[in-house]
Amino acid sequence: MVMALLEWTGERIIPKLLKPTNGMLLEHIARYYFATPYIKGRVLDIACGTGYGCHMVAKDRKRELTELIGVDNDDDTITYAKREYHHQKITYQKGDALDPLLPEKLGLFDTILSFETIEHVADDLLFMNNLYRMLKPGGTLVLSSPFGRGRGMQTSEPFHVHQLTPAEFEELFVRFSQVEIYYQRGPTFEKPRDGVRYFIGMAVCTK
1 MVMALLEWTG
11 ERIIPKLLKP
21 TNGMLLEHIA
31 RYYFATPYIK
41 GRVLDIACGT
51 GYGCHMVAKD
61 RKRELTELIG
71 VDNDDDTITY
81 AKREYHHQKI
91 TYQKGDALDP
101 LLPEKLGLFD
111 TILSFETIEH
121 VADDLLFMNN
131 LYRMLKPGGT
141 LVLSSPFGRG
151 RGMQTSEPFH
161 VHQLTPAEFE
171 ELFVRFSQVE
181 IYYQRGPTFE
191 KPRDGVRYFI
201 GMAVCTK
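Once you know that position 140 of the sequence shown is 140 in full-length UniProt numbering, the rest is easy, because the numbers rise by one and skip nothing.
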């Protein structure tokens with residue numbers, strides 16, 4: 001029996017439906033490559049989507065990783081991830097990033113990944129509070145988001161509630177003891193250069 005692929009809506013990356021040179025796919029994969037050095041112990045990928053990133057980091061860091069929880073709010077996507085990107089150290093489950101009980105349900109993590117998620121939620125501060133509560137002391141959060149006109153402002157992206165400005169993005173991490181901000185340009189990450197415009201921020205934060 002052949003299992004159907006997920007329908008392409010543009011909201012979630014489905015690598016098996018995209019060309020290997022697709023720019024959006026390369027950007028998304030690059031974020032997981034960027035995050036692999038921080039993968040250790042118990043790891044959460046919030047809004048994991050189809051699971052390709054969970055599978056990537058689990059294979060790359062199988063010795064350092066004890067458990068990886070991939071959470072998404074869509075039943076079909078979780079079913080797809082379980083089928084297409086199974087790994088013995090990965091558990092996929094349905095969950096809402098804005099559920100105030102999520103920390104009680106999932107527990108504490110050494111590393112949390114959150115890529116291209118915060119622009120999809122109406123209450124980004126509640127979302128950040130959930131992530132902070134789920135991170136162990138000394139743990140690492142790796143979070144990315146596209147830049148835009150700011151909190152509460154309309155965006156041209158159909159699945160985005162709003163897109164933060166670079167200043168608003170940096171303000172998300174004031175509670176953390178250490179914060180490094182990078183900027184993504186295609187599949188590369190760098191500190192800002194004069195004359196270069198950046199559309200995506202990446203933060204590495206230590207609690």
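Think of the CB as a built atom: it goes at the ideal place given N, C-alpha and C, for glycine as much as any other residue.
Predicted, not measured: the structure shown is a model, and the values here were computed from it.
| field | C-alpha gap between Asn178 and Lys82, whole angstroms | value | According to the sequence as given, residue 178 is Gln; it is not Asn. Spanning the two alpha carbons is a distance of roughly 34 angstroms.
| query | Can you tell me where the alpha helix (DSSP H) with Cys48 in it begins and where it stops? | reply | In the DSSP annotation of this structure, Cys48 is not part of any alpha helix (DSSP H), being labelled neither H nor E.
| task | Measure the C-alpha to C-alpha separation of Asp76 and Lys40 and round it to an integer number of angstroms. | result | Their backbone Cα atoms lie some 28 angstroms apart in a straight line.
| C-alpha distance - Leu108 paired with Tyr85, whole-angstrom precision | C-alpha separation (whole angstroms): 23 angstroms.
| message | Using a 10 Å radius around the Cβ and a threshold of 16 neighbouring Cβ atoms, would you call Ala4 buried or exposed? | response | Only weak support exists for where Ala4 lies, its pLDDT of 48 falling under 50; the value from the coordinates is given anyway. Counting Cβ neighbours within 10 Å, Ala4 comes out exposed, since fewer than 16 surround it.
| Of all the options His120, Glu170 and Leu141, which has the alpha carbon lying nearest to the alpha carbon of Thr155? | Distance check between Thr155 and each of His120, Glu170 and Leu141 places His120 closest, using alpha-carbon atoms only.
| task | State the CB to CB distance for the pair Phe34 and Phe189, rounded to an integer number of angstroms; the pair is presumed to be in contact (CB under 8 angstroms). | result | Under the criterion of beta carbons closer than 8 angstroms, Phe34 and Phe189 qualify as touching, at roughly 6 angstroms.
| Can you tell which of Leu131, Lys89, Gln88 and Ala122 has its C-alpha closest to the C-alpha of Leu101? | Answer by Cα proximity: Leu131.
| said: Comparing C-alpha positions only, which one of Pro137, Ile112 and Gly139 sits nearest to Phe127? | reply: Per the Cα distances, Ile112.
| task | With DSSP collapsed to three states, give me the class of Thr66. | result | Looking at Thr66 - three-state DSSP - the assignment turns out to be strand.
| task | Taking all protein chains shown into account, decide if Gly51 is buried (16 or more other Cβ within 10 angstroms of its Cβ) or exposed. | result | Around the beta carbon of Gly51, 16 or more other beta carbons lie within 10 angstroms, which makes this residue buried.
| task | Would you list the one or two residues that DSSP bridges to Tyr38? | result | Looking at the DSSP output, Tyr38 bridges to nothing.
| request: Classify Ile112 as helix, strand or coil using the three-state DSSP reduction. | output: For Ile112, the secondary structure class from DSSP, reduced to helix, strand or coil, is strand.
| What residues in its chain sit with their C-beta under 8 angstroms from that of Asp123, if we drop five residues either side in the sequence? | Around Asp123, the same chain offers Leu98 as residues with beta carbons nearer than 8 angstroms, after the five sequence neighbours per side are excluded.
| said: As an exercise, report each continuous alpha helix (DSSP H) stretch of at least 4 residues that is fully enclosed by the segment 81-134, in chain order. | reply: 102-106 and 124-134, all fully within the segment 81-134.
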